[in-house]
Amino acid sequence: MAGIEAEIPYNVIIIGSGLAGLQCAVILGRKGYRVLVLEKNEHIGGTLQSFDYKGVSFSTGMHYVGSLDEGQVLNRIFRYFNLFDGIRYKRLDEHGFDVFNIGGKKYAFPMGWPAFENYLKALFPEETTAIQNYINAVESTVCGQEIFNLENPAATYVEKPSQSINAWDFICNLTQNAELRQVFSALNFVYAGDRNRTPWYVHALINHYFISSSYRVVGASNQIPQRLYQEIEKTGGRVLTMQKVTQLLFNEDHLSGVRCADGNEFKAEMIISNIHPGSTMNLIEPGKIKKSYRNRLEQKTDTLSCFALYLKLKPGKFRYQNFNYNFYLQPDVWYASSYDERLWPEHFFLHFPADEPNPQWVDHLSIVTYMSFEEVSMWKDLPSNARGIGYKQFKKEKAEKLLALVLLQFPELENLITDYTTATPLTFREYVGSPTGSMYGTLRDYKFPLASYVGVRTKIHNLYFTGQNLNLHGVMGVSISALLTCAEFVDLPELLNEINDS
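Position in the sequence shown (first residue = 1) + 27 = the numbering used here.
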């Protein structure tokens, strides 16, 4: 099939089939562009991929989504992409969609900002001013980010004050109450918050996104990329898997196509890269792009990676819970800012899958925590099937340590586990494509907002970026990045009107 496709010129080739890449393909296909998506793996979807293990389907990365209530931003985006057709979403517990145990004290975040405000004021009656100021600041910051409200921005990139404010410092200035500071920051894990670097706007957008409403997919998360694949095919676009792009091809100073590992070449007028910016630079031969630009993208710092433990359970024995469970051993949700492998694990995130046909019970669980790529760097240059007994022992020891922490909170699990498998930063590097297996792409730094920024346009006039490294990660962030990328090809106000009218 690939050999036949290689003979056909395309308007746009998209490298990588993460959510943003697939969304770009749908948008551009609907606007009349002939689009080809090339994916190096067997399955499409990036962190939306699912995998089967011992008869159970596990989702790899997307554990829940926010702002999916009727009329909210992601609801409109999903309607535009027909992501409600044949896919069900379960609204999480409105009285506690995320449950946190922070150093032995439990908190349950209610859904919706009025409920969240009342909850915090009941917990901290002496801190009503700080709580009100916090909520006002979040609202003001979100309102100031036009594109995240599906409003036409004044420019693709305008530096906002919230980008040069440290999130932790901002929170500390609101209150002297150490406990409230941690509660404000409790959603830290979903953006790998770093108290020394994370800008306020990242915190504000993420918290607003999830607290507004939270849902999880019923069944496997790969339903989303599969649905987008169908939408791409409707427009005449194509998606090819097992096609690893190894080189960008030039005609003088502009791109003419790509070459893949198997020798296939595909021609196109324009290229969109949905892979890591540093990895994109590796596809460009020396001398074809400014060295300073190449170095800046190759040397960007990534957020932490993670270690995941996937448990298979005895059926009908462990009840489904309609929330996520977050456990912090110490009263510090920012602990990963000074990550120390000697203290690992200090935290876990537990995801209860909303599956059928037995919605009252779960037969598997996903447990995730931070892990530095340095812990697996000794195996980074070895194929996955050649890492030997040392790597297997490493995974076994880490799984046992993480499980021991989980059993402190859920002791009933001990006799219900029938099997398990794991994923390390190397696993995420292989299947997601980030050089260090980063969960959330490149790190945003409030001290260097412009240097942290990755623009849609590159120093090659017909090469563009999309995906989680542009402005924000997650389903919302990458969806917005797809809109910004497509704005280089189509009229953005018109596209936004179509989405808002979906």
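For each residue, glycine too, the CB sits at the ideal point set by N, CA and C.
Beta-carbon proximity of F375 to V395, cut-off 8 angstroms: Here the question's residue 375 lines up with position 348 in the sequence shown. Here the question's residue 395 lines up with position 368 in the sequence shown. Cβ atoms of F375 and V395: closer than 8 angstroms.
Coarse secondary structure for P226, derived from DSSP in three states: In the sequence shown, the residue the question calls residue 226 occupies position 199. P226: strand per DSSP, three-state reduction.
Inter-residue spacing [alpha-carbon to alpha-carbon] between L55 and R61: Your numbering for residue 55 matches position 28 in the sequence shown. Your numbering for residue 61 matches position 34 in the sequence shown. Straight-line Cα distance between these residues: approximately 8 angstroms.
Whether P252 touches L429 by CB criterion (8 angstroms): Taking the first residue of the sequence shown as 1, we reach residue 252 at position 225. Taking the first residue of the sequence shown as 1, we reach residue 429 at position 402. Against a cut-off of 8 angstroms, the Cβ pair of L429 and P252 comes out as no contact.
Beta-carbon contacts of S77 that lie in its chain and below 7 angstroms, excluding the five residues immediately before and after: Looking up residue 77 in the sequence shown gives position 50. Result list for S77: S84, F85, S86, T87, A247, S248, N249, in chain order.
Local conformation of L75 per DSSP, three classes: Within the sequence shown, numbered from 1, the residue matching residue 75 stands at position 48. Helix at L75.
Cβ contact (3+ pairs, closer than 8 angstroms) linking the segment 90 to 105 and the segment 236 to 244: Contact between the segment 90 to 105 and the segment 236 to 244 is present, with at least three C-beta pairs closer than 8 angstroms.
Counted within 10 angstroms of its Cβ, other Cβ atoms place E258 as buried (16 or more) or exposed: On the sequence shown, position 231 is the one that residue 258 refers to. With at least 16 other beta carbons inside 10 angstroms of its own, E258 counts as buried.
Uninterrupted alpha helix (DSSP H) stretches inside the segment 60 to 135 (no shorter than 4 residues): Complete alpha helix (DSSP H) runs here, min 4: 100 to 107.
Proximity of F334 and T512 at Cβ, strictly below 8 angstroms: Taking the sequence shown and counting its residues from 1, the one referred to as residue 334 is at position 307. Taking the sequence shown and counting its residues from 1, the one referred to as residue 512 is at position 485. No, the pair does not count as a contact, with Cβ atoms beyond the cut-off.
Residues near A157 in its chain [Cβ-Cβ closer than 6 angstroms; skip 5 each side]: In the sequence shown, residue 157 corresponds to position 130, counting from 1. Correct list, in chain order: L201, T202.
At least three beta-carbon pairs within less than 8 angstroms, the segment 297 to 306 to the segment 482 to 491: yes
Distance between A288 and I31 (C-alpha atoms, nearest Å): Counting from one through the sequence shown, the residue named residue 31 turns up at place 4. Counting from one through the sequence shown, the residue named residue 288 turns up at place 261. Confidence is the limiting factor: at I31 the pLDDT is only 46, short of 50, which leaves the residue's position unreliable, though a coordinate-based value still follows. Taking the straight line from one Cα to the other gives about 16 angstroms.
Within 8 angstroms, strictly: CB atoms of I192 and F211: Numbered from 1 along the sequence shown, position 165 holds the residue referred to as residue 192. Numbered from 1 along the sequence shown, position 184 holds the residue referred to as residue 211. Not in contact: I192 and F211 (Cβ atoms no closer than 8 angstroms).
N351 burial status per 10 Å Cβ neighbour count (16 or more: buried): Indexing the sequence shown from 1 puts residue 351 at position 324. N351 is buried by the Cβ-count criterion.
Euclidean distance between Cα positions of A29 and V266: To locate residue 29, count along the sequence shown from 1; it is residue 2. To locate residue 266, count along the sequence shown from 1; it is residue 239. Residue placement at A29 is poorly supported in this model, since its pLDDT is 46, which falls under 50; the coordinates still yield a value, given next. Their Cα atoms are separated by approximately 10 angstroms.
Neighbourhood of D528 by C-beta distance below 8 angstroms, restricted to the same chain and skipping five residues each side: Within the sequence shown, the letter at position 501 stands for residue 528. The answer is none, since no qualifying residue turns up.
Nonlocal neighbours in the same chain, by C-beta distance under 8 angstroms from D518, ignoring five residues either side: As a first step, residue 518 is located in the sequence shown; it is residue number 491 there, counting from the start. Contacts found: none.
Inter-residue Cα distance where the pair is G45 and E154: As a position in the sequence shown, residue 45 is number 18, starting the count at 1. As a position in the sequence shown, residue 154 is number 127, starting the count at 1. The C-alpha of G45 lies about 42 angstroms from the C-alpha of E154.
Rounded separation between F437 and F345 - CA only: Against the sequence shown, residue 437 aligns to sequence position 410. Against the sequence shown, residue 345 aligns to sequence position 318. Rounded to the nearest angstrom, the two C-alpha atoms are 10 angstroms apart.
Segments of 4+ residues assigned as alpha helix (DSSP H) that fall wholly inside the segment 245 to 282: 250 to 261
Residue environment, N322, which counts as buried when at least 16 other CB atoms sit within 10 Å: Along the sequence shown, one-based indexing puts residue 322 at 295. Its Cβ having fewer than 16 others within 10 Å, N322 is exposed.
Sequence-distant residues of its chain with Cβ nearer than 6 angstroms to N204 (five each side left out): Taking the first residue of the sequence shown as position 1, residue 204 is located at position 177. Once the five neighbours on either side are set aside, the close Cβ partners of N204 are E154.
The segment 101 to 109 / the segment 134 to 152 touching (three or more Cβ pairs under 8 angstroms): no
Three-way DSSP call (helix, strand, coil) for S393 in this model: Indexing the sequence shown from 1 puts residue 393 at position 366. Correct three-state label for S393: strand.
N-terminal and C-terminal residue of the alpha helix (DSSP H) that I35 is part of: Locating residue 35 in the sequence shown gives position 8, counting from the first residue. Careful: I35 lies outside any alpha helix (DSSP H) and carries neither H nor E.
Minimum length 3: unbroken beta strand (DSSP E) runs contained in the segment 409 to 491: 444 to 450
Residues that D518 bridges to, as DSSP identifies them: Start at 1 with the first residue of the sequence shown, and residue 518 comes out as number 491. In DSSP, D518 forms no bridge with anything.
Three-way DSSP call (helix, strand, coil) for S300 in this model: Translated into the one-based positions of the sequence shown, residue 300 becomes position 273. Of the three classes helix, strand and coil, the one that applies to S300 here is strand, per DSSP.
For I42, three-class secondary structure by DSSP: On the sequence shown, position 15 is the one that residue 42 refers to. I42 falls in the strand class under three-state DSSP.
Given 8 angstroms, three or more beta-carbon pairs between the segment 375 to 394 and the segment 305 to 312: no
Member of V403, E121, A295 whose CA lies at the smallest distance from the CA of Y418: The residue you call residue 418 lines up with position 391 of the sequence shown. Comparing Cα-Cα distances from Y418 to each of V403, E121, A295, the minimum goes to V403.
Beta carbon proximity, D280 to chain C, threshold 8 angstroms: Among the chains in the structure shown there is no chain C, since it carries only a single protein chain.
Rounded C-alpha distance that separates V53 from L101: Taking the sequence shown and counting its residues from 1, one reaches residue 53 at position 26. Taking the sequence shown and counting its residues from 1, one reaches residue 101 at position 74. C-alpha separation (whole angstroms): 16 angstroms.
Close Cβ partners of Q387 (< 8 angstroms) along its chain, the five nearest in sequence each way excluded: In the sequence shown, counting from the first residue as 1, residue 387 sits at position 360. Excluding sequence neighbours, Q387 sits near R346, Y347.
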